[in-house]
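Quick mapping for you: the protein sequence lines, in order, are chains A and B. Here full-length UniProt numbering is used: the first residue of the first sequence is 1, the next is one more, and so on. Here full-length UniProt numbering is used: the first residue of the second sequence is 1, the next is one more, and so on.
Protein chains: 2
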Amino acid sequence: MSKQGSPIVDAGVDGSGVGCCAPLASEPLPEREAVELAPLFKAIADPVRLRLLSLIACHEGGEACVCDLTAAFDLTPPTISHHLKVLRQAGLIGSERRGTWVYYWVNSGVLARMSALIGPA
Amino acid sequence: MSKQGSPIVDAGVDGSGVGCCAPLASEPLPEREAVELAPLFKAIADPVRLRLLSLIACHEGGEACVCDLTAAFDLTPPTISHHLKVLRQAGLIGSERRGTWVYYWVNSGVLARMSALIGPA
DNA sequence: CCGCTGTTTCGATAATTGTCTAATCAAGAT
DNA sequence: ATCTTGATTAGACAATTATCGAAACAGCGG
């Protein structure tokens, strides 16, 4: 599958996959929205993935290569790769191969929308 | 267990269970914090629980009784009760029995802290 | 006291998930 | 071409979870 040139993409990309939503406390969240949003929170509902997200976001240039990330955990590369895939498929991060290494960055728009949903109205 | 008088409590209550944390993007999230935070996101990483939270938050007086909540879903009472328990054990909601009915409310401080963590630095 | 209604607990089952090892793919270097 | 290093995919397994039906618990009104 997806075998073209550049950015490897799974979900909203620019973040537009989730178009929505008044803050939780302002009106009852419709089922359809809930079904779309829950997977986003599920994606960050893991200690490893929270740390990955943070590591990527803090890394200089806003990008980190997998080798940087793997080194920070006591887990095998396939496991890290699995977690990165979960984050990417949720649309929270993007990735691109440049030569030998694969770089990841955070789609901060998606995180911002999640924050606004649960945050103070 | 826990059989006393009033508010049924499992976690932070006032929200102080999670004391922490600079925004994700400002510095790498330490493992310890990640381990504490992940369950909070896991608690809301479910369409039913997201809607429950929203329904409770929107309900007049900031409180809702279980019968109000059960009616909004196509699920059995035990299942709703299970999801409420998950939210309560995470510290996201509180509950109290008053006569025949049990009322639930949202601990908005906890949600606010989660929002600040993933939100714009 | 007895039954009624609202809520939770118990026990079971099917589905999901985190992790690993082994194997595969991609890009460079010899 | 072949080898080496970085990264992902495939397959397996243990642990967790969402859901249900049945049973138990808690108040209230006869």
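Ideal Cβ positions, reconstructed from N, Cα and C, are used throughout, including at glycine.
Q: Using a Cβ-Cβ cut-off of less than 9 Å, give me the residues of the segment 83-110 of chain B that come near chain A, in sequence order.
A: Taking 9 Å as the cut-off between beta carbons, the residues of the segment 83-110 of chain B near chain A are V106, S108, in sequence order.
Q) Got a sec: is the Cβ-Cβ distance from A/V35 to anything in chain B below 8 Å? A) By this cut-off, A/V35 is an interface position.
Q.
Less than 8 Å between CB atoms is the rule here; does A/I118 satisfy it with respect to chain B?
A. Yes, A/I118 lies at the interface with chain B (some Cβ there is under 8 Å from its Cβ).
Q: Would you mind reading off the limits of the alpha helix (DSSP H) that contains B/A38?
A: That run of the alpha helix (DSSP H) goes 31-44.
Q) chain B partners of A/L69, CB-CB under 9 Å? A) Proximity of chain B to A/L69 at the Cβ level (cut-off 9 Å) is not reached, the minimal Cβ distance being about 11 Å.
Q) Can you give the Cα-Cα distance for A/S95 and A/V102, rounded to whole angstroms? A) Between A/S95 and A/V102, the C-alpha separation is close to 7 Å.
**Q.** C-alpha gap between A/H83 and A/A22, whole angstroms
**A.** If you take the alpha carbons of A/H83 and A/A22, they lie about 29 Å apart.
Q. Cα separation between A/A43 and B/P39?
A. If you take the alpha carbons of A/A43 and B/P39, they lie about 12 Å apart.
Q | Validate contact between the segment 67-77 of chain A and the segment 26-34 of chain A using beta carbons, cut 8 Å, 3 pairs | A | Because the criterion of three Cβ pairs below 8 Å is not met, the segment 67-77 of chain A and the segment 26-34 of chain A do not touch.
Q) Does any CB atom of chain A fall closer than 8 Å to the CB of B/I80? A) Chain A, which has no Cβ nearer than 8 Å to the Cβ of B/I80, makes this no.
Q: Can you give me the Cβ contacts of B/A90 inside the same chain, cut-off strictly under 7 Å, excluding the 5 residues immediately before and after it?
A: Contacts found: A11, P39, L40, A43.
Q | Residue from A/D46, A/A57, A/E33 whose Cα sits closest to the Cα of A/V86 | A | A/D46 is the residue among A/D46, A/A57, A/E33 whose C-alpha sits nearest the C-alpha of A/V86.
Q.
So, at 6 Å on beta carbons, what are the nonlocal neighbours of A/V48 in its own chain, with the 5 sequence-adjacent residues on each side left out?
A. Answer for A/V48: H83, listed in chain order.
Q. Whole beta strand (DSSP E) runs in the UniProt domain "HTH arsR-type" (29-121) of chain A with 3 or more residues, listed along the chain?
A. Segments of the beta strand (DSSP E) lying fully in the UniProt domain "HTH arsR-type" (29-121) of chain A: 63-65, 93-98, 101-106.
Q: Select from A/L75, A/L111, A/A116, A/E36 the residue whose C-alpha is nearest the C-alpha of A/A57.
A: The shortest C-alpha separation from A/A57 is found at A/L111.
Q) For the putative contact between B/A34 and A/L50, defined by C-beta atoms under 8 Å, what is the C-beta separation to the nearest angstrom? A) The beta-carbon distance between B/A34 and A/L50, rounded to whole angstroms, is 5 Å. This is short enough to meet the 8 Å contact definition.
Q) Roughly how many whole angstroms lie between the Cα atoms of B/P120 and A/F73? A) The alpha-carbon atoms of B/P120 and A/F73 are separated by roughly 26 Å.
Q. Does the Cβ-Cβ distance between A/L37 and A/V106 come in under 8 Å?
A. For the pair A/L37 and A/V106, the CB atoms are not nearer than the 8 Å cut-off.
(Q) For a contact defined as C-beta to C-beta under 9 Å, what are the partners of A/A38 on chain B? (A) The contacting residues are I44, A45, D46, P47, V48, R49, L50.
Q | CA-to-CA distance, A/G62 to B/G5, given in whole angstroms | A | Only weak support exists for where B/G5 lies, its pLDDT of 40 falling under 50; the value from the coordinates is given anyway. Their backbone Cα atoms lie some 51 Å apart in a straight line.
Q: Just the chain B side, please: which residues come within less than 7 Å of A/A112 by C-beta, in chain order?
A: Within 7 Å Cβ-Cβ: G119, P120.
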